[in-house]
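If you use numbering that gives the first Met the number 0, the sequence shown corresponds to residues 0 to 91, in order. For glycine and all other residues, C-beta sits at the position ideal for the given N, C-alpha and C.
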Amino acid sequence: MATFEYRCQQDGNFDVTLPVGAAGPSTNCPRCGNPATRVFAAPRLGRMPAALREAMDRTERSAEQPEVVGRVPGRRPVRRSTNPAHARLPRW
Numbered sequence: 000m001a002t003f004e005y006r007c008q009q010d011g012n013f014d015v016t017l018p019v020g021a022a023g024p025s026t027n028c029p030r031c032g033n034p035a036t037r038v039f040a041a042p043r044l045g046r047m048p049a050a051l052r053e054a055m056d057r058t059e060r061s062a063e064q065p066e067v068v069g070r071v072p073g074r075r076p077v078r079r080s081t082n083p084a085h086a087r088l089p090r091w
């Protein structure tokens, strides 16, 4: 099952849950009964993994409300080898 979005001229957007591929170009608004047109976007699948859903939501939010970075991320710590032969290798 997928959730599809439709837009009614009078009542605005609403969601309809239908099998994938069964959504038509229009349907009746559940509030007023007027015809509503489909908003063409990727269907929201109900069984999407939570991490993927959160990543998609975060990406969508960043288009309108980008997060402000307060500082430059720190550098990863340098791993030093304890092997004495590695000490003679050139450093970059």
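Option in P76, E4 and R90 with minimal Cα separation from P29: E4
Option in R70, R90 and G32 with minimal Cα separation from D10: That would be G32, whose Cα lies nearest to the Cα of D10.
For R78, the nearest candidate out of V71, P72 and A86 (CA to CA): A86
Runs of alpha helix (DSSP H) wholly within the region 35 to 65 (minimum 4 residues, chain order): 49 to 63
Those residues which DSSP pairs with G69 across a bridge: DSSP lists no partner for G69.
Whole-angstrom C-beta distance between M0 and P18, which should lie under 8 Å: 6 Å between Cβ atoms; contact.
Strand pairing of S25, partner residues [DSSP]: Bridge partners of S25: T36.
R6, DSSP secondary structure in three states: Correct three-state label for R6: strand.
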